[in-house]
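Numbers in the working numbering are just positions in the sequence shown, counted from 1, shifted up by 1. Heads up, the beta-carbon is just placed ideally off N, CA and C, and yes, glycines get one too. All figures in this text were calculated on a predicted structure; none of them were measured in a lab. Comments concern the structure below.
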Amino acid sequence: MNHPEDCLTLKQSIDMKTILLFLLLCISLSTSTQTADERAGIYMNQTDWFSLQREFAINKDSLHPFLQEFSQALLDNLFNRPEAAPVNP
């Protein structure tokens with residue numbers, strides 16, 4: 002038979018699991034993923050050119066057109082590829 006103490010313990014256990022699940026859900030939703038544009042901007046601001054180069058190689062097509070061109074020009078200049086850098090008409 003069910004004892005009142007057993008029911009109370011079961012209810013407390015369910016409540017704790019619900020609270021834990023809610024907290025995990027909140028934490029996972031609060032850690033939003035950064036877009037390729039945001040990561041590229043961070044790497045530029047931190048002058049982390051190798052990370053920018055890696056990000057550019059992986060997500061070039063996901064970058065905003067301006068950031069795509071700007072990143073390409075920066076990387077070509079910084080990695081001594083002047084022939085690949087865009088020429089101003």
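Can residue i and residue j be called in contact, C-beta distance under 8 Å?
i, j, result
"L60", "A37", "It should be noted that the sequence gives Asn, not Leu, for residue 60. Cβ atoms of N60 and A37: closer than 8 Å."
"K79", "W50", "Checking the sequence, you will find Leu at residue 79 rather than Lys. Cβ atoms of L79 and W50: closer than 8 Å."
"L26", "F57", "no"
What separation, rounded to the nearest whole angstrom, lies between the Cα atoms of residue i and residue j?
i, j, result
"D62", "R40", "14 Å"
"M45", "L53", "7 Å"
"Q47", "A74", "17 Å"
"M17", "T10", "11 Å"
"Q35", "L22", "24 Å"
"S72", "L24", "39 Å"
"I20", "R55", "40 Å"
For residue i, which option in the options has the closest C-alpha, if you only look at C-alpha atoms?
i, options, result
"G42", "H65, D77, P83 and L25", "H65"
What's the call for residue i, buried or exposed, on a 16-neighbour Cβ count within 10 Å?
i, result
"A70", "For the record, residue 70 in the displayed sequence is Glu; it is not Ala. The residue is exposed, with fewer than 16 neighbouring Cβ atoms inside 10 Å."
Those runs of the alpha helix (DSSP H) which lie wholly inside the region 13–60 and span at least 4 residues: 37–46 and 50–60
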